[in-house]
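Chains A and B are the protein sequences, given in the same order.
Those letters in the first sequence? Residues 126 to 507, by our numbering.
Those letters in the second sequence? Residues 98 to 470, by our numbering.
Here's the structure, in structure tokens; my notes come after.
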Amino acid sequence: MNASIAPVVPPRIERPLERLAEVLVDYSTRVRRDDVVVLAAPSLAGPLVREVYEAILRAGAHPLPRLGLDGLGEALLGRGSEEQLAWVNPVRKWELERADVYMSILADWNTKSLSAIEPERQAIVARAQDELRARFLERAAAGEVRWVLTAFPTHAAAQDAEMSLEEYGDFVYRAALLDHERPADRWRELGERLKRVADFLSARKELRIVADGTDLRLRTEGRTWVPSDGHENFPDGEVFTGPIETSLEGTIAFTYPAVFQRREVEDVRLRFEGGEVVEASARRGQDFLEEMIGMDDGARRAGEFAFGLNEGISIFTRNTLFDEKIGGTAHLALGQSYPETGGKNRSALHWDMICDLRAGSEVYADGELVYRDGSFLESALG
Amino acid sequence: MAELVVGYSLELGEGEILRIDGSDTAAPLVVAVHDAALAAGAHVYTNVSLEGLAELLVRRGSEEQLTYVSPMQWEEIELIDAMVTIWSEINTRSFSLADPGRHGRYIAARRGLSNRFWDRIGAGEARWCGTLYPTHGHAQDAEMSLADYEDFVYAACHVRHGEDPVAHWRGVSAELGARAEALADVSELRIVGPDTDLVLGVAGRTWIAADGKINLPDGEVFTSPIEEATAGDIRFTFPAIFNGHEVEDVRLRFEGGRVVAAEASRGGDYLRALLELDDEASLLGEVAFGLNYEIDRFTRNILFDEKIGGTIHVALGAGFPEAGGKNRSGLHWDLICDLRSDGEVYADGELIWRAGKFLAPVEPVAGAAGVRG
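Below, the structure written as structure tokens:
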């Protein structure tokens with residue numbers, strides 16, 4: 126036995142930001158010559174922005190960086206007048222209307238910097254921006270704009286994930302499958318698997334989800350299940366649909382804290398009748414929960430139901446982009462649905478809430494057991 | 098500083114749209130101006146660049162990418178009521194090795210946008226203010242520590258602790274306005290100093306007070322001289338800087354308004370190349386008195402250098418239409434002459450300025466400020 130003690134660390138991922146930039150530009154958004162590419166990011170994501178900017182140039186397209194700075198958002202939300210909060214900048218409107226590609230990079234200095242903002246002030250902004258967002262999703266569904274949302278690892282996100290920055294970086298890059306020579310090929314493989322699940326579910330009419338505190342029925346007949354394989358979110362790995370708006374019946378208990386606009390609501394339980402939330406409780410953050418689901422009519426209905434299928438993400442890190450893809454989870458979003466699923470719900474809200482199904486769960490499709498303890502049954506998928 | 102920009106320089110009103118241009122390096126000032134604009138009831142947004150991206154584009158972009166201006170940028174120029182530009186370079190020489198042709202085309206492609214905005218400013222439809230956030234790069238050019246440079250910048254802007262910057266700049270505005278009025282009747286200026294004896298015609302031209310509206314810091318009165326009247330010699334004691342190139346100890350001889358001899362101890366070739374840029378690059382577009390006495394040294398940044406109290410500067414190339422200037426050129430190159438220790442200026446034969454100061458005081462007049470183009 127050797128006397129020296131070697132630390133146990135996973136091997137380093139080579140050139141992660143360069144690889145990430147390449148996948149985002151070449152695979153996720155397929156940037157082409159002469160495309161106008163809006164690149165929205167906080168300045169904190171500078172190292173990734175530079176790599177992406179260069180990759181966009183290599184593709185022959187026109188990058189338009191839109192950089193945020195620490196404190197600007199809090200200032201508006203905290204001190205803006207009602208007119209200022211509700212102002213829609215025409216420049217942002219033009220960007221959303223004309224961009225061929227829209228890339229957003231998340232990177233927080235502090236994920237809790239909006240904690241003191243009154244929820245109704247956030248709701249004013251959300252309502253004012255709603256028309257823009259709806260129009261953008263319409264363009265995306267029509268194939269007029271390709272978009273992607275990704276994350277740059279920061280100390281704040283690492284802190285939420287309860288890790289060091291280096292460990293968190295590894296987590297992000299592995300979730301993005303960057304620990305492979307050709308990440309885009311791995312995403313195509315994962316896409317095949319997701320498509321198989323999506324095709325299977327699209328042929329079913331009704332789902333019943335049973336887990337601790339959860340027994341929920343929903344209908345998806347005529348709706349499309351979409352395999353989400355790294356084109357709009359990155360990393361990715363889920364299949365999602367927009368359930369029939371009036372069909373949800375029963376209760377669902379979300380095992381993970383529900384995070385929206387960087388606020389956490391713990392232990393959310395919802396009871397649906399005729400598709401509407403008729404009871405909503407939380408152990409912490411009840412006021413915020415009620416404020417958000419009271420935002421508009423559509424906020425009480427589900428706009429999305431999905432299964433997380435990225436086996437590279439196994440732990441909760443308080444960041445929806447990653448959490449909703451944890452392999453072995455399901456999530457439901459209150460509010461706005463994605464038009465490409467056939468979902469018709471309209472709302473300024475889109476709040477993903479996640480349920481861990483790995484420790485004891487069953488999902489039935491048209492009465493047949495198809496999923497147990499976090500995995501689809503191979504026998505059911507056929 | 099932010100309150101001075103928003104409240105005094107731009108006089109931003111409720112519901113007006115302000116765009117803040119700056120880089121991530123200037124984040125503290127960008128955020129402060131954003132705050133002040135919110136407090137003023139304006140709709141404010143930022144146009145933040147990331148250090149290094151422009152260099153990347155100039156170095157690696159294709160010709161189309163280099164010269165691409167989005168139609169959205171044109172619409173944006175029509176939309177905004179006010180713009181503030183915050184300069185804050187991390188490295189003031191990051192384009193030194195860039196291909197001059199590519200860099201030139203990058204700049205030229207975007208010049209139309211700023212020209213259009215200047216037209217709107219001229220028509221009274223929009224306002225602009227340019228200022229600076231201190232960085233190591235600028236401090237290094239000034240041969241100072243960052244802490245010393247910050248003191249220098251904030252003193253020049255009169256925003257140090259305990260000062261009332263708005264009251265100060267209102268006072269400057271009144272005084273410079275009076276100075277501009279006093280110069281209005283002058284037909285001929287003669288500048289005399291070491292190796293310098295230059296005559297300029299200014300009859301019928303308008304002197305304009307630069308009083309902190311368009312630049313912060315500010316502090317000069319300027320006009321565009323009669324193009325063909327300049328005659329004699331001038332020697333510029335400070336290095337003359339253009340696009341990051343330094344030319345040292347420039348000496349020019351004028352005849353009939355035009356440079357007929359040009360020499361420099363360093364950078365002479367660059368000097369002569371600029372003079373030949375176009376037909377009117379060898380005529381003067383500006384003559385001005387620097388009157389900000391908090392700025393007492395050369396720092397290789399024209400925002401400050403041209404306002405050094407006790408200096409005179411002339412610019413080769415484009416003149417200011419609002420001053421009556423007729424010179425059109427792609428060049429506008431300010432060259433600064435230190436007259437603080439040994440200089441005299443005569444107005445129609447009368448000595449009006451000696452050793453860096455006007456001899457006769459003026460009675461300040463309120464609201465006499467002009468516009469700087």
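C-beta: ideal position from N, C-alpha, C; glycine also.
Under 7 Å, do residue i and residue j count as touching if we go by C-beta distance?
| i | j | result |
| --- | --- | --- |
| B:Thr-122 | B:Ser-185 | yes |
| B:Ala-179 | B:Leu-109 | yes |
| A:Gly-428 | A:Ala-458 | yes |
| B:Met-169 | A:Trp-219 | yes |
| A:Val-273 | A:Ser-153 | yes |
| A:Asp-160 | A:Ala-186 | yes |
| B:Val-181 | B:Ala-137 | no |
| B:Ser-321 | B:Arg-355 | no |
| A:Leu-194 | B:Val-127 | yes |
| A:Trp-350 | A:Val-364 | yes |
| B:Leu-210 | B:Ile-174 | yes |
| A:Leu-239 | A:Arg-443 | no |
| A:Arg-426 | A:Glu-370 | yes |
| B:Val-442 | B:Ile-433 | no |
| B:Leu-374 | A:Val-174 | no |
What residue range does the beta strand (DSSP E) around residue i cover?
| i | result |
| --- | --- |
| A:Glu-493 | 493-497 |
| B:Arg-287 | 285-290 |
| B:Phe-351 | 347-352 |
| B:Phe-339 | 337-339 |
| A:Tyr-489 | 486-490 |
| B:Met-98 | Note, B:Met-98: premise wrong, no beta strand (DSSP E); not H, not E. |
| B:Glu-343 | 342-344 |
| A:Phe-397 | 394-398 |
| A:Ser-504 | Counting along the chain, A:Ser-504 falls outside any beta strand (DSSP E), though it belongs to the alpha helix (DSSP H) covering 503-506. |
| A:Thr-466 | First-last for A:Thr-466: undefined, no H or E at that position. |
| A:Ala-405 | 401-406 |
| B:Val-296 | 293-298 |
Which one or two residues does DSSP pair with residue i in a beta bridge?
| i | result |
| --- | --- |
| A:Trp-212 | DSSP lists no partner for A:Trp-212. |
| B:Ser-146 | B:Ser-120 |
| A:Phe-430 | A:Thr-366, A:Leu-457 |
| A:Asn-235 | Answer by DSSP bridge pairing: none, since A:Asn-235 is not bridged. |
| A:Tyr-227 | A:Val-163, A:Trp-272 |
| A:Trp-476 | A:Leu-459 |
| A:Glu-389 | A:Val-384 |
| B:Trp-304 | The partner list for B:Trp-304 (beta bridge, DSSP) is empty, contrary to what the question assumes. |
| B:Arg-355 | B:Glu-352, B:Leu-380 |
| B:Val-411 | B:Val-384, B:Leu-432 |
| B:His-140 | B:Ile-114 |
| B:Trp-184 | B:Leu-229 |
| B:Val-318 | B:Ala-306, B:Phe-386 |
| A:Ile-138 | In DSSP, A:Ile-138 forms no bridge with anything. |
Terminal residues of the continuous alpha helix (DSSP H) containing residue i?
| i | result |
| --- | --- |
| B:Phe-333 | Per DSSP, B:Phe-333 belongs to no alpha helix (DSSP H); it is in the beta strand (DSSP E), 328-333. |
| A:Pro-141 | 141-147 |
| A:Gln-250 | Reading the sequence as shown, one finds Val at residue 250 of chain A and not Gln. Segment 244-266, the alpha helix (DSSP H) holding A:Val-250. |
| B:Gly-365 | 365-372 |
| B:Leu-163 | 160-164 |
| B:Glu-173 | 168-176 |
| A:Thr-445 | 445-448 |
| A:Glu-415 | 411-418 |
| B:Ile-399 | 399-402 |
Mind pulling the alpha helix (DSSP H) runs of 4 or more residues that sit fully within the region 332-383 of chain A? If one requires a minimum length of 4 residues, no alpha helix (DSSP H) run lies completely within the region 332-383 of chain A.
Quick one: which residues of the region 185-202 of chain A get their C-beta closer than 7 Å to a C-beta of chain B? List them in chain order. Within the region 185-202 of chain A, the qualifying residues are Gly-185, His-187, Leu-189, Pro-190, Leu-192, Leu-194, Asp-195, Gly-196, Leu-197, Ala-200, Leu-201.
Residue ranges of each beta strand (DSSP E) within the region 427-470 of chain B, 3 or longer: Entirely contained in the region 427-470 of chain B, the beta strand (DSSP E) runs reaching 3 residues are, in chain order, 429-435, 441-444, 447-451.
Residues in the region 135-161 of chain B with C-beta within 9 Å of chain A's C-beta atoms, listed in sequence order? Those residues of the region 135-161 of chain B that come within reach of chain A (Cβ to Cβ, closer than 9 Å) are Leu-135, Ala-136, Gly-138, Ala-139, His-140, Val-141, Tyr-142, Thr-143, Asn-144, Val-145, Ser-146, Leu-147, Glu-148, Gly-149, Leu-150, Leu-153, Leu-154, Arg-157, Gly-158, Ser-159, Glu-161.
With a floor of 4 residues, list each alpha helix (DSSP H) that falls wholly inside the region 183-211 of chain A, ordered by position along the chain. List check, alpha helix (DSSP H) in window: 197-204, 207-211.
Taking any Cβ of chain B, which residues in the region 168-182 of chain A have a Cβ under 7 Å from it, in chain order? Listed by position along the chain: Ser-168, Gly-171, Val-174, Arg-175, Tyr-178, Glu-179, Leu-182.
Closer than 7 Å, Cβ to Cβ, to anything on chain A: give me those residues from the region 189-207 of chain B, in chain order. For the region 189-207 of chain B, which is checked against every Cβ of chain A, not one residue is closer than 7 Å.
Let me know the alpha helix (DSSP H) ranges lying completely inside the region 204-281 of chain B, each 4 residues or longer, listed in chain order. Taking only runs of at least 4 residues, the alpha helix (DSSP H) segments lying wholly in the region 204-281 of chain B are 233-238, 243-254, 262-280.
Extract the residue ranges of the alpha helix (DSSP H) inside the region 277-335 of chain A, only unbroken runs of 4 or more that lie entirely within it. Correct list: 280-285, 290-300, 308-327.
Counting only Cβ-Cβ distances shorter than 7 Å, please list the residues of the region 282-308 of chain B near chain A, keeping chain order. Contact annotation: in the region 282-308 of chain B, no residue has its CB less than 7 Å from a CB in chain A.
Members of the region 116-133 of chain B that neighbour chain A once the beta carbon cut-off is set at 7 Å: Cβ contacts with chain A come from Asp-121, Ala-124, Val-127, Val-128, His-131, Asp-132.
Proximal residues, the region 167-191 of chain B versus chain A, C-beta separation under 7 Å: Listed by position along the chain: Ser-167, Met-169, Glu-172, Glu-173, Leu-176.
Short of 7 Å Cβ to Cβ, which residues in the region 341-362 of chain A face chain B? The region 341-362 of chain A vs chain B, Cβ under 7 Å: nothing.
Members of the region 268-294 of chain A that neighbour chain B once the beta carbon cut-off is set at 7 Å: From the region 268-294 of chain A, no residue has a Cβ closer than 7 Å to chain B.
Any residues in the region 210-230 of chain A with a beta carbon nearer than 7 Å to a beta carbon of chain B? Which ones, in chain order? From the region 210-230 of chain A, only Trp-212, Asn-214, Pro-215, Val-216, Trp-219, Glu-220, Arg-223 have a Cβ closer than 7 Å to chain B.
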